[in-house]
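Numbering (our numbering), first residue to last: 1363 to 1467.
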């Protein structure tokens, strides 16, 4: 069995950075019958208590067509917090792809 793994560190998994590239949602739609997809939530890419974009970024992201996700999340300190944030991310992105959570180490 073949796996395509998306190492989800934030919302970037579905967003093209360069014109002409495709996002994860497009790849999933095309290949989900041939490939099993899963996401692994490693850590918060831009936590509020770390390298944060700032509160005003949500409006700009929505204008670009990026799915609404929380941008004011602190870096999880426990596995329970990490699971909660990963669940919020999975729910917001609505890929239909299973999300697994990396350990805290």
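Glycine is no exception: its CB is placed at the ideal position from the N, C-alpha and C atoms. Computed from a prediction, not measured in an experiment: that's the story for all the values here.
Straight-line Cα distance separating residue 1448 from residue 1442: In this structure, the alpha-carbon of residue 1442 lies about 10 Å from that of residue 1448.
7 Å Cβ cutoff met for residue 1461 and residue 1403: In this structure, residue 1461 lies near residue 1403, with their beta-carbon atoms less than 7 Å apart.
Helix, strand or coil at residue 1404 according to DSSP, with G and I counted as helix: Secondary structure of residue 1404 (DSSP, three-state): coil.
Close-in-space but distant-in-sequence residues of the same chain around residue 1411 (CB under 6 Å, 5 per side omitted): Result list for residue 1411: 1436, 1437, in chain order.
In DSSP terms, what residue 1463 is bridged to: Looking at the DSSP assignment, residue 1463 forms a beta bridge with 1403.
Residue from 1467, 1451, 1457 with nearest C-alpha to residue 1407: In terms of CA proximity to residue 1407, 1451 leads the group 1467, 1451, 1457.
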